[in-house]
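Notes follow once the structure below has been shown.
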Amino acid sequence: MKGKDGNRNDEPDDSLKRNVNRNVAVFIFFLFLSFGLWYINSLGKEAETEIKYPFRYINLPRDREISEVTPLKLVCSLKGPGYTLLKLRMSGDRPPVMIDLSKISYKHLPEGRNNDYFIITSALLKSFTVQIRSGCEIIGIKPDTLTFSLTRASSK
């Protein structure tokens, strides 16, 4: 159809739509580009995160074994460069951190049975930092207390 001036009415609309679509595509491209650059910049700064680590007891007292271990993983609060924290987060299986019962002090639970013990996890910060060797500082461990039971080892 032709308008009063003899031009087709649908041509200007098509070019306008193409311009708008192209402008939206350019805007979205640069929006993602700016987000990516911002994210890379933020990874270079100090950050904090929590990462779950499995743990295992080693060097148990003679003729003893652990029963009733809770929890299975510790949540470590880490502070360090964003790149390092991202790398730690993305790594799948983490080797367990070792809790050496011959080098730390563990105490009887006051209201527990005779073979129930506890460890304050804040005493493990230095040991865990050495074992993780991530370039990050461990600023906290959850839970704050680990409980376990030492029972006589069953002979096989």
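For any residue, its number in our numbering is found by taking its place in the sequence shown, counting from 1, and adding 29. Idealized CB from N, CA, C, for every residue including glycine.
Report yes if the CB atom of I148 is closer than 9 Å to the CB atom of F177, and no otherwise. Locating residue 148 in the sequence shown gives position 119, counting from the first residue. Locating residue 177 in the sequence shown gives position 148, counting from the first residue. Closer than 9 Å, so yes.
Helix, strand or coil: how does DSSP classify R47 here? Numbered from its first residue, the sequence shown carries residue 47 at position 18. Residue state, collapsed to three classes: helix.
For the segment 101 to 111 and the segment 157 to 167, state whether three or more C-beta atom pairs, one from each stretch, are separated by less than 8 Å. They touch, by the three-pair rule.
Helix, strand or coil for A152? Go by DSSP, reduced to three states. Locating residue 152 in the sequence shown gives position 123, where the first residue counts as 1. If DSSP states are grouped into helix, strand and coil, A152 belongs with the helices.
Note down, in chain order, each residue of its chain lying with its Cβ closer than 7 Å to the Cβ of M127, except the 5 sequence neighbours on either side. For the purposes of this step, residue 127 is taken as the residue at position 98 of the sequence shown. Non-local C-beta neighbours of M127 in its own chain, meaning closer than 7 Å and more than five positions away in sequence, comprise R85, I87 and Q160, ordered along the chain.
Where does M30 fall in DSSP's three states? Position 1 of the sequence shown, counting from 1, holds the residue named residue 30. Residue placement at M30 is flagged as unreliable, the pLDDT there being 49, under the threshold of 50; a coordinate-derived value is accordingly withheld.
Anticipated Cβ contact below 8 Å, D173 with S156, distance rounded: The sequence position of residue 173 within the sequence shown is 144, counting from 1. The sequence position of residue 156 within the sequence shown is 127, counting from 1. The Cβ separation is near 16 Å, so there is no contact.
One question on the structure: do L117 and E77 come within less than 9 Å of each other, judged by their Cβ atoms? For the purposes of this step, residue 117 is identified with residue 88 of the sequence shown, where counting begins at 1. For the purposes of this step, residue 77 is identified with residue 48 of the sequence shown, where counting begins at 1. For the pair L117 and E77, the CB atoms are not nearer than the 9 Å cut-off.
Taking C-alpha atoms, which residue in G109, L175 and Y135 lies nearest to K74? On the sequence shown, position 45 is the one that residue 74 refers to. Taking only the C-alpha atoms, the option nearest K74 is G109.
For K116, the first and last residue of its enclosing alpha helix (DSSP H): Mapped onto the sequence shown, residue 116 falls at position 87. Counting along the chain, the alpha helix (DSSP H) containing K116 begins and ends at G111 to M119.
Which value, in whole angstroms, describes the spacing of the CA atoms of V55 and N48? Taking the sequence shown and counting its residues from 1, the one referred to as residue 55 is at position 26. Taking the sequence shown and counting its residues from 1, the one referred to as residue 48 is at position 19. Whole-angstrom Cα-Cα distance: 10 Å.
For D42, the three-state DSSP class (helix, strand or coil): The sequence position of residue 42 within the sequence shown is 13, counting from 1. Here D42 sits in helix by DSSP.
May I have the straight-line CA-CA distance separating M30 from S44, to the nearest angstrom? Within the sequence shown, the letter at position 1 stands for residue 30. Within the sequence shown, the letter at position 15 stands for residue 44. Confidence at M30 is low in this model, with a pLDDT of 49, below 50, so its placement is unreliable and the value that follows should be read with caution. The alpha-carbon atoms of M30 and S44 are separated by roughly 17 Å.
Let me know the secondary structure DSSP gives Y86 once reduced to three states. By one-based count along the sequence shown, residue 86 stands at place 57. DSSP places Y86 in the strand class (E or B) of the three-state scheme.
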